[in-house]
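Worksheet: one structure, shown below.
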Amino acid sequence: MNESIGMSQDELANRSYKYGFVTDVETDVFPKGLNEEVIRKISAIKNEPEFLLDFRLKAFKYWQKLDRPKWAHLTYEEENFQDIRYYSAPKTDKKKIGSLDELDDELLKTFEKLGIPLQEQKRISGVAVDAVFDSVSLGTTHQEELEEYGVVFCSFSEAVEKHPDLVKKWLGTVVPYKDNFYAALNAAVFSDGSFCYIPKGVKCPLDLSTYFRINAMETGQFERTLLIADEGSSVNYLEGCTAPQRDENQLHAAVVEIVALKGATVNYSTVQNWYAGNSEGKGGIYNFVTKRGICLGDNSKISWTQVEAGSAITWKYPSVILKGDHSTGEFYSVALTNNKMQADTGTKMIHIGKNTTSKIISKGISCEQSVNSYRGKVKIGPKASGARNYSQCDSMLVGDESSANTYPYIEVQNNTGVVEHEASTSKLSADQIFYLKSRGIGEEQAIGLLLNGFCHEVFKKLPLEFSVEAVKLLEMKLENSVG
Amino acid sequence: MLNIENLNVEVDGTSILNNLNLTINTGEVHAIMGPNGSGKSTLSKVLAGHPDYHVESGDIKFEINLKEKSILEMEADERAREGIFLAFQYPTEVPGVSNIEFLKAAFNAVCEHHGVELMDEQSFKEFVKSKQQLLGVDDSFIERGLNVDFSGGEKKRNEILQMAVLSPRLAILDETDSGLDVDSLKVVGQGVNKLRSKRNSMILITHYQRLLDYIVPDFVHVFHKGRIIKSGDKSLAAEIEKNGFDKVIAEFQ
Numbered sequence: 067m068n069e070s071i072g073m074s075q076d077e078l079a080n081r082s083y084k085y086g087f088v089t090d091v092e093t094d095v096f097p098k099g100l101n102e103e104v105i106r107k108i109s110a111i112k113n114e115p116e117f118l119l120d121f122r123l124k125a126f127k128y129w130q131k132l133d134r135p136k137w138a139h140l141t142y143e144e145e146n147f148q149d150i151r152y153y154s155a156p157k158t159d160k161k162k163i164g165s166l167d168e169l170d171d172e173l174l175k176t177f178e179k180l181g182i183p184l185q186e187q188k189r190i191s192g193v194a195v196d197a198v199f200d201s202v203s204l205g206t207t208h209q210e211e212l213e214e215y216g217v218v219f220c221s222f223s224e225a226v227e228k229h230p231d232l233v234k235k236w237l238g239t240v241v242p243y244k245d246n247f248y249a250a251l252n253a254a255v256f257s258d259g260s261f262c263y264i265p266k267g268v269k270c271p272l273d274l275s276t277y278f279r280i281n282a283m284e285t286g287q288f289e290r291t292l293l294i295a296d297e298g299s300s301v302n303y304l305e306g307c308t309a310p311q312r313d314e315n316q317l318h319a320a321v322v323e324i325v326a327l328k329g330a331t332v333n334y335s336t337v338q339n340w341y342a343g344n345s346e347g348k349g350g351i352y353n354f355v356t357k358r359g360i361c362l363g364d365n366s367k368i369s370w371t372q373v374e375a376g377s378a379i380t381w382k383y384p385s386v387i388l389k390g391d392h393s394t395g396e397f398y399s400v401a402l403t404n405n406k407m408q409a410d411t412g413t414k415m416i417h418i419g420k421n422t423t424s425k426i427i428s429k430g431i432s433c434e435q436s437v438n439s440y441r442g443k444v445k446i447g448p449k450a451s452g453a454r455n456y457s458q459c460d461s462m463l464v465g466d467e468s469s470a471n472t473y474p475y476i477e478v479q480n481n482t483g484v485v486e487h488e489a490s491t492s493k494l495s496a497d498q499i500f501y502l503k504s505r506g507i508g509e510e511q512a513i514g515l516l517l518n519g520f521c522h523e524v525f526k527k528l529p530l531e532f533s534v535e536a537v538k539l540l541e542m543k544l545e546n547s548v549g
Numbered sequence: 598m599l600n601i602e603n604l605n606v607e608v609d610g611t612s613i614l615n616n617l618n619l620t621i622n623t624g625e626v627h628a629i630m631g632p633n634g635s636g637k638s639t640l641s642k643v644l645a646g647h648p649d650y651h652v653e654s655g656d657i658k659f660e661i662n663l664k665e666k667s668i669l670e671m672e673a674d675e676r677a678r679e680g681i682f683l684a685f686q687y688p689t690e691v692p693g694v695s696n697i698e699f700l701k702a703a704f705n706a707v708c709e710h711h712g713v714e715l716m717d718e719q720s721f722k723e724f725v726k727s728k729q730q731l732l733g734v735d736d737s738f739i740e741r742g743l744n745v746d747f748s749g750g751e752k753k754r755n756e757i758l759q760m761a762v763l764s765p766r767l768a769i770l771d772e773t774d775s776g777l778d779v780d781s782l783k784v785v786g787q788g789v790n791k792l793r794s795k796r797n798s799m800i801l802i803t804h805y806q807r808l809l810d811y812i813v814p815d816f817v818h819v820f821h822k823g824r825i826i827k828s829g830d831k832s833l834a835a836e837i838e839k840n841g842f843d844k845v846i847a848e849f850q
């Protein structure tokens, strides 16, 4: 590849990260550090009702007693929580936040550069977007159109203001603040995120999506998403994320809660492309995320699809609690690691109701010195008669220095349960590349085809535009790793 | 069209091809026969540009744009785009990539290289369909994952289908007859025969006479220890079938 001549290792490694720019915008930021005062201040800025402040403070108290989890297959320099800023928002007239038409030009440009135009005339049709920039949501598109159907899609802050009862009823019911270290931290300091409610029997007319952008330095992003699909409703939800290229690590600790009531279907897709650090492993986002859905009603379904291609550290296990009888949980994942990235990701499928089914398809691709681990738990509870799970975990190694691990945990307490687990590890094979090349297909395209083939089952679950993006993203990441 | 001159090839330090010389003109079909380990398959890989095979000395010249040109420095994909095609003895399985998707990628790569306008989806499907008929394969065959769970015979048919779609100037068929039952051999043999023309050349690598019953070669060469020890016309193949390789080798020594 002649174009690589004259580029340093770092430039090469980072060439594929085209979202590494910084937006120059004045911000309101908190000083570094975390204490009760900081939490009260976040709550006050947002004019939160008492119950929410209470939730935050309880979480904070609990978090202070916890140690960070050590069980994941990850090695990294521990974050100093007093060295992080917990709030950063672009400085604008307060009333203007949330109103996209009056948004700062720089911010509009930023999202346009990210491929998410927010201005009315340029918006992507068929997809409503909530744009989250550091600690705040800048606004949500297509709201009026959605309102006609009774669909609520707005920032978490707006939901607290306009639909406090819904928030109060469901917040923390799927991921309680006591769930884990990072969930407790998030519950204490979360600043914004998306909220979504699909009323009974409504098939959401648009795909909903949230785009997360970290911009400010030394700032953590702690967003919280709550999605409720009422009886018989259905929705497709998409999520994307990027951050500037910096030498310091930054923390992203999000919580996503999904509730699916009787007969509801939720498809939740993520393409995660946080900055992953340079080729020496310097910088990058620490991504510690708790995502969980509950199939509360009978015949409900929650399906997670994720393409994890960024972050220095990924610690993420989108899970489904299958409480309703005949409910279904799915997890489709592609995790690609290169350079010195580390990913410990997978899912939990907790079968409680009768005849519940779950399916796990995990594809890990590890390049260079990266470490890619799948960790998954399947639990069939004592009352979950007729429950079934099928898991398939495939790992592909590129080069000789990367590693892949699979940690399946299976717990079956009902003897009518059926659990199947298949795992494989392969190398991106030179034979396959030669075969494709011997038909005139160039090496890069050959790798793209092979990769696409390996991830096919997952990509086909993504909405079309997302799957095209995902393929491009993986190809770019791999370009430097093969050959 | 193809000129192999004093070619020496090593694999992992072992010499496999020794001062091999072979000239193939446009429109000719050459059969290369020989016992196991005589270097036949190595020759096919070297011609196709497999990166594991190292040319120690000698040259391979191929006619490109009406000029003879050394192809040693060309990668496998470049050679393929110039019209060299290897039908593999053991075609590789590529899960998740459909046969038609693969065919299209290969076909487009060749078209783009030669500045030929690409076909739209529908025309390409119809074009492939006309080639499918040649080999008696149905639509489900081309929608399946590339070579995945194909029987031995299906894999060989698929190689020839690719050849039909790409219409190479030089096709090397590496033991295309091995693992084929009588009926499949007939289909594949007749298929290849229909692709034969005055404008393209073929190298048939085989142990047996039987493929040559369908594709009658202009020349037959006997390979031994990485070089040609005897050449003749189609009667040489019949002679080998009757007496075995040992007799030819004994005569040579």
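In order, the protein sequence lines correspond to chains A and B. Residue numbers are given in our numbering: position 65 of the first sequence equals residue 131, and the series is strictly consecutive. Residue numbers are given in our numbering: position 69 of the second sequence equals residue 666, and the series is strictly consecutive. Every residue, glycine too, gets a C-beta built ideally from N, C-alpha and C. Quantities reported herein were computed from a predicted structural model and do not represent experimental measurements.
{"Check": "Assuming the contact rule is C-beta atoms closer than 8 Å, Tyr243 (chain A) and Tyr128 (chain A) should be a hit. Round their C-beta distance to whole Å, please.", "Outcome": "6 Å"}
{"Check": "Have a look at Ser428 (chain A) and Glu653 (chain B) and give me their C-alpha separation to the nearest angstrom.", "Outcome": "45 Å"}
{"Check": "For Gly636 (chain B), is the classification buried or exposed, using 16 other Cβ atoms within 10 angstroms of its Cβ as the cut-off for buried?", "Outcome": "buried"}
{"Check": "Decide yes or no for the touch test of the stretch 338-350 of chain A against the stretch 396-416 of chain A: beta carbon pairs closer than 8 Å, at least 3 of them.", "Outcome": "yes"}
{"Check": "If you scan the stretch 104-171 of chain A from start to end, which runs of the beta strand (DSSP E) of 3 or more residues do you find wholly inside it?", "Outcome": "154-156"}
{"Check": "Look up Tyr83 (chain A) in the DSSP assignment and say whether it is helix, strand or coil.", "Outcome": "coil"}
{"Check": "Would the beta-carbon of Arg358 (chain A) fall within 8 Å of that of Val241 (chain A)?", "Outcome": "yes"}
{"Check": "Please name the residue in B:Ser748, B:Asn755, B:Lys722, B:Met716 whose C-alpha comes closest to that of Val734 (chain B).", "Outcome": "B:Asn755"}
{"Check": "If you follow the alpha helix (DSSP H) that Arg754 (chain B) is in, where does it begin and where does it stop?", "Outcome": "749-763"}
{"Check": "How close, in whole Å, do the beta carbons of Leu614 (chain B) and Gly823 (chain B) come, if the pair is a contact with beta carbons under 8 Å?", "Outcome": "4 Å"}
{"Check": "Quick one: measure Cβ to Cβ for Ala703 (chain B) and Leu763 (chain B), integer angstroms, because I've assumed they're closer than 8 Å.", "Outcome": "6 Å"}
{"Check": "Leaving out five residues before and five after Glu679 (chain B) in sequence, what residues of the same chain have Cβ atoms less than 6 Å from its Cβ?", "Outcome": "Ile661"}
{"Check": "Please compile the residues from chain A whose C-beta is within a distance smaller than 9 Å of the C-beta of Asp609 (chain B).", "Outcome": "Per Cβ cutoff of 9 Å: no residues; Asp609 (chain B) is ~15 Å from chain A at best."}
{"Check": "Using a C-beta to C-beta distance shorter than 7 Å, which residues of chain B count as neighbours of Ser504 (chain A)?", "Outcome": "Ala645, Ala673, Ala677, Leu683"}
{"Check": "Apart from the five residues on each side of it in sequence, which residues of its chain come closer than 6 Å, Cβ to Cβ, to Tyr303 (chain A)?", "Outcome": "Leu274, Tyr334"}
{"Check": "Between the stretch 425-451 of chain A and chain B, which residues of the former have a C-beta closer than 8 Å to a C-beta of the latter?", "Outcome": "none"}
{"Check": "Given this structure, state the Cα-to-Cα distance separating Glu709 (chain B) from Leu715 (chain B), to the nearest angstrom.", "Outcome": "7 Å"}
{"Check": "Expressed to the nearest angstrom, what Euclidean distance is found between the alpha-carbon atoms of Gly306 (chain A) and Ser748 (chain B)?", "Outcome": "43 Å"}
{"Check": "Whose Cβ in chain B lies nearer than 9 Å to the Cβ of Ile513 (chain A)?", "Outcome": "Within chain B, no residue comes near Ile513 (chain A); the closest Cβ sits about 12 Å away, beyond 9 Å."}
{"Check": "Please state whether DSSP places Thr689 (chain B) in a helix, a strand or coil.", "Outcome": "coil"}
{"Check": "Quick check on Val866 (chain B): does DSSP put it in helix, strand or coil?", "Outcome": "The question about residue 866 (chain B) has no answer, for chain B in this structure spans 598 to 850."}
{"Check": "Can you tell me the Cα-Cα spacing of Glu772 (chain B) and Arg807 (chain B), whole angstroms?", "Outcome": "11 Å"}
{"Check": "Does DSSP classify Asp258 (chain A) as helix, strand or coil?", "Outcome": "strand"}
{"Check": "Using the C-alpha atoms, what's the distance from Asp460 (chain A) back to Glu838 (chain B)?", "Outcome": "48 Å"}
{"Check": "Just list the beta strand (DSSP E) runs in the stretch 219-306 of chain A, keeping only unbroken ones of 3 residues or longer that don't cross its boundaries, in chain order.", "Outcome": "260-264, 273-279, 290-295"}
{"Check": "Given 8 Å as the limit, is there contact between the stretch 503-515 of chain A and the stretch 688-703 of chain B, that is, 3 or more CB pairs closer than that?", "Outcome": "yes"}
{"Check": "Rounded to whole angstroms, how far is the Cβ of Val373 (chain A) from the Cβ of Val337 (chain A), which I believe are closer than 8 Å?", "Outcome": "5 Å"}
{"Check": "Using a 10 Å radius around the Cβ and a threshold of 16 neighbouring Cβ atoms, would you call Ser717 (chain B) buried or exposed?", "Outcome": "Ser is not the amino acid found at residue 717 (chain B); the sequence shown has Asp there. The residue in question, Asp717 (chain B), is exposed, as its Cβ has fewer than 16 Cβ neighbours within 10 Å."}
{"Check": "Is the Cβ-Cβ distance between Asp196 (chain A) and Phe177 (chain A) less than 8 Å?", "Outcome": "no"}
{"Check": "Please classify Glu224 (chain A) as buried or exposed, where buried requires at least 16 neighbouring CB atoms within 10 angstroms.", "Outcome": "buried"}
{"Check": "Please say whether Gly395 (chain A) and Cys361 (chain A) have beta carbons closer to each other than 8 Å?", "Outcome": "yes"}
{"Check": "Is the separation between the beta-carbon of Gly815 (chain B) and that of His627 (chain B) shorter than 8 Å?", "Outcome": "Looking at the sequence shown, residue 815 (chain B) is not Gly but Asp. Yes, the pair counts as a contact, with Cβ atoms nearer than the cut-off."}
{"Check": "Got a sec? Which residues, its chain only, sit under 6 Å from Gly788 (chain B) by beta carbon, not counting five neighbours each side?", "Outcome": "Leu731, Leu732, Ile757"}
{"Check": "Enumerate in chain order the residues of its own chain whose CB-to-CB distance from Ile418 (chain A) is below 8 Å, with the five nearest sequence positions on each side excluded.", "Outcome": "Ile387, Leu388, Lys389, Gly447, Lys449, Ala450"}
{"Check": "Using a C-beta to C-beta distance shorter than 7 Å, which residues of chain B count as neighbours of Gln498 (chain A)?", "Outcome": "Thr689, Val691"}
{"Check": "Tell me where the alpha helix (DSSP H) around Gln719 (chain B) begins and ends.", "Outcome": "718-732"}
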